[in-house]
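Below: the structure, in structure tokens.
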Amino acid sequence: MTKKLRLLLGGVSLLILAVRAFTFTSQNESEKENQIIDEQRKAHAKVIENSPFKETLTWDKKKRKLEGLPPNRYFEQMWELTVNPATGKLDQGDVAILREELLQRRLTQRNPGEAGNDWEERGPNDIGGRTRAIIFDPNDPTFNTVYAGGVSGGLWKNTNITSASSQWERVQNVPGNLSVTSITIDPNNSNRWFMATGEQYTAGDVVGNGVYVTNDGGTSWTSVNIPAAGAPTFDFNATNLFLSGLFYVNDVQAWDNNGNTELFVGVGAFVYGDPANPTNWLGLQTAGLYHSTDGGNSWNRLESANLEANTSGANTYYAIPNDFEVSADNTLWMSTIGNAFGSGGGQIFSSTNGTTWTEAGVSPLPNTDRVEIEVSATNPDKMYALAEGTLSTAPVLIFSTTNGFASVSNAALPNDADQGIPANDFTRGQAFYDLMIEADPTNDNILYVGGIDIFRSTNGGSSWTQISKWSNNPGLNTLNVPLVHADQHAMTFRPGSSNQAIFGTDGGVYYASSLSAASGSGSAIGVRNNNYNVTQYVKAAIGPDGSGTTDVIFTAGAQDNGSQAFRNANADPGINGSEELSDGDGFYTFVDKDGQYMIATFVANVIYRFNFRKQNCKC
């Protein structure tokens, strides 16, 4: 036998002995562990055999109740499952120590928003959100500066609206979560503007805080003190709570009365939140038309008999203004919306002195609720009205008049190319919500209306041309018009150029460089949302950004802007853009704690699941 062979056989023998020794040791350790577990089981069985609850655990619910015990046996069972079998007692001391450690740990942690742990905005800075208040700055001779208000996002300023790369910045003096709904400019002082807050259209969800004023052209703002009319408390019955205040200001108008600026504020009301135990009525007894003849220093609610609307046999409530307009002869016009009980809508009034209001000959407009009016800039008797219909056969209506609403004619309705939108309802069931009408200030035959999309008429509403589309759905996919976010709320012409305008939508602000070209040009209207951070978020979630990564991802459901994801949250601090996971109305979102998947939700119980296929995937 060679030396090498002897060494090899010796090595193999040693390896076999080592394996046998390891196996023997492992078997011994396993036997010891099994023996310990067996002893613990026997000890626990002995504890259970002598359990102090051995008898009570056999009692039925009736017997337990007679003996003053809870009907279920949860606590007794938990004692038997958690008792220390070695001692036959609960380890209360260890639990107390653990509780103290957790308490001390919490005391050293900082709560969100505390000093040193301030909230930091993360975005998005490229989405936008629901916008109803938009004006061109009257003090900018180039008319490039625009102010816009988010329905729940404060007031914003853009100094170069004609540029697609222009940026917005928030007006810091206005709270960033304030509901801005309309703005009016003092006709006798271009530096003095008034801003209305709150919106009753969305079931009272967006609560405001009255009216604000600026005296320096939009830089700084202060609250206007408008004492709420009506009783501070209102006794109706025990299940109804009536709160006094100016929670919803539908419109505000500054009017020139022979060189003196008078102010008009239309205050609405609604049922807020879950109407149960008790029902909460916000501002029901304080709604109506408020008037100031001294620039906002003092106010009164106009309570003439023709502005009253008797409601359900209760006390008298006043008609709720919805829209103010000033005609070519300086007559002040007002349309209404139904009050919280659903009455008083569809009415039209006019005034030449601000105090006495006369109801129009065809008021209320037949089968209507919310009414938006539009006046001719040159003919005091020519006007239009876009109205929410109250009949299923006529959900939206357009009226025209050439005699100051002594009589009206029905204009044609636009027919949206979207195959999912009915021919008789270009608002797709949302006339209570998205309802916009404007007339060209140089030609009152050119008319614009908006519901889901935007339409243009050159013959006073006899026929319409679609000039925007919200998607490429069937019917829209072949239409060569600009993509503009759905749900139109506001339109303002650029001073000096009636072929240019800005639009306020659920997706933010859009600028039209050529309204007349929009019917055949996809670039005639463009989005202007850079740093316009007014997106309304409902719910949010956070979690790891895929399996095996150290980064995190935010997801959030937004009002009519889908569910958005913010990736690389650790690597990219501060405000960033987001990726759209799903469109429409986003709601609850969820990120798996192991980074395997995300969930986004949509109305009607639609649920989306997004799997993380690999690290840093585009989901």
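Number 588 in my numbering belongs to position 599 of the sequence shown; there are no gaps in the numbering.
For glycine and all other residues, C-beta sits at the position ideal for the given N, C-alpha and C.
Is the beta carbon of residue i less than 8 Å from the beta carbon of residue j?
i: residue 553; j: residue 547; result: yes
i: residue 236; j: residue 277; result: no
i: residue 122; j: residue 189; result: no
i: residue 483; j: residue 490; result: yes
i: residue 415; j: residue 440; result: yes
i: residue 120; j: residue 378; result: no
i: residue 165; j: residue 142; result: yes
i: residue 488; j: residue 512; result: no
i: residue 181; j: residue 203; result: yes
i: residue 233; j: residue 275; result: yes
i: residue 321; j: residue 350; result: no
i: residue 177; j: residue 285; result: no
i: residue 477; j: residue 468; result: no
i: residue 308; j: residue 365; result: no
i: residue 394; j: residue 425; result: no
i: residue 78; j: residue 84; result: no
i: residue 270; j: residue 216; result: no
i: residue 346; j: residue 295; result: yes
i: residue 370; j: residue 392; result: yes
i: residue 193; j: residue 169; result: no
Assign residue i to one of two classes, buried (16 or more other C-beta atoms within 10 Å of its C-beta) or exposed (fewer than that).
i: residue 63; result: exposed
i: residue 208; result: exposed
i: residue 173; result: buried
i: residue 104; result: exposed
i: residue 556; result: buried
i: residue 595; result: exposed
i: residue 598; result: exposed
i: residue 137; result: buried
i: residue 592; result: exposed
i: residue 255; result: buried
i: residue 524; result: buried
i: residue 339; result: buried
i: residue 485; result: exposed
i: residue 86; result: exposed
i: residue 380; result: exposed
i: residue 25; result: exposed
i: residue 420; result: buried
i: residue 240; result: buried
i: residue 361; result: buried
i: residue 466; result: exposed
i: residue 67; result: exposed
i: residue 242; result: buried
i: residue 427; result: buried
i: residue 363; result: buried
I'd like to confirm the pairing. Which residues does DSSP put opposite residue i in its beta bridges?
i: residue 53; result: Residue 53 is not bridged to any residue.
i: residue 490; result: 482 and 501
i: residue 357; result: 378
i: residue 332; result: In the DSSP output, where bridge partners are listed per residue, residue 332 has none listed.
i: residue 506; result: DSSP lists no partner for residue 506.
i: residue 414; result: Per DSSP, none; premise fails for residue 414.
i: residue 223; result: None; residue 223 has no bridge partner.
i: residue 436; result: 428 and 446
i: residue 386; result: 376
i: residue 553; result: 545 and 569
i: residue 344; result: Residue 344 is not bridged to any residue.
Counting only the same chain and skipping the five closest in sequence on each side, list residues whose C-beta sits under 6 Å from that of residue i.
i: residue 600; result: 586
i: residue 609; result: With the chain represented from -10 up to 608, any question about residue 609 goes unanswered, as that position is not in the structure.
i: residue 157; result: 145, 147, 520 and 521
i: residue 605; result: Bear in mind that a pLDDT of 44 at residue 605, under 50, signals an unreliable position, so the number given afterwards is only what the model happens to contain. Here the set comprises nothing.
i: residue 11; result: Legend: pLDDT at residue 11 = 49, less than 50; position of this residue unreliable, value from coordinates given subsequently. Excluding positions up to five away in sequence, the list is empty.
i: residue 251; result: 244, 282 and 343
i: residue 589; result: 552, 570, 571, 578 and 597
i: residue 50; result: 60
i: residue 126; result: 134
Grab me the residues of residue i's own chain with a C-beta within less than 7 Å of its C-beta, minus the 5 sequence neighbours each way, in chain order.
i: residue 410; result: 417 and 441
i: residue 625; result: Lying outside -10 to 608, the shown extent of the chain, residue 625 is not represented and no answer is given.
i: residue 7; result: For residue 7, the predicted structure reports a pLDDT of 48, less than 50, and the residue's modelled location is therefore unreliable. The matter cannot be settled from this model.
i: residue 219; result: 233, 274 and 275
i: residue 470; result: 455, 456, 457, 458, 507, 508 and 511
i: residue 302; result: At residue 302, the pLDDT of 47 sits below 50, so the modelled position is not reliable; the number obtained from the coordinates is stated separately. Hits under 7 Å: none found.
What residues in its chain sit with their C-beta under 8 Å from that of residue i, if we drop five residues either side in the sequence?
i: residue 529; result: 543, 544, 545, 546 and 578
i: residue 462; result: 407, 408 and 409
i: residue 213; result: 183, 199, 200, 201, 202 and 285
Comparing the C-beta of residue i with each C-beta of chain B, is any distance below 8 Å?
i: residue 70; result: Looking at the structure shown, chain B is missing, and only one protein chain is on hand.
Could you name each continuous beta strand (DSSP E) segment of 3 residues or more that falls completely within the region 143 to 180, going from the start of the chain to the end?
DSSP runs (the beta strand (DSSP E)) wholly in the region 143 to 180: 143 to 147, 157 to 159 and 169 to 174.
Residue ranges of each beta strand (DSSP E) run of no fewer than 3 residues wholly in the region 438 to 484, ordered along the chain?
If one requires a minimum length of 3 residues, the beta strand (DSSP E) runs lying completely within the region 438 to 484 are 443 to 446 and 477 to 483, in chain order.
Beta strand (DSSP E) runs contained entirely in the region 229 to 284, provided each spans 3 or more residues:
DSSP runs (the beta strand (DSSP E)) wholly in the region 229 to 284: 229 to 232, 237 to 246, 249 to 257, 259 to 261, 268 to 271 and 277 to 281.
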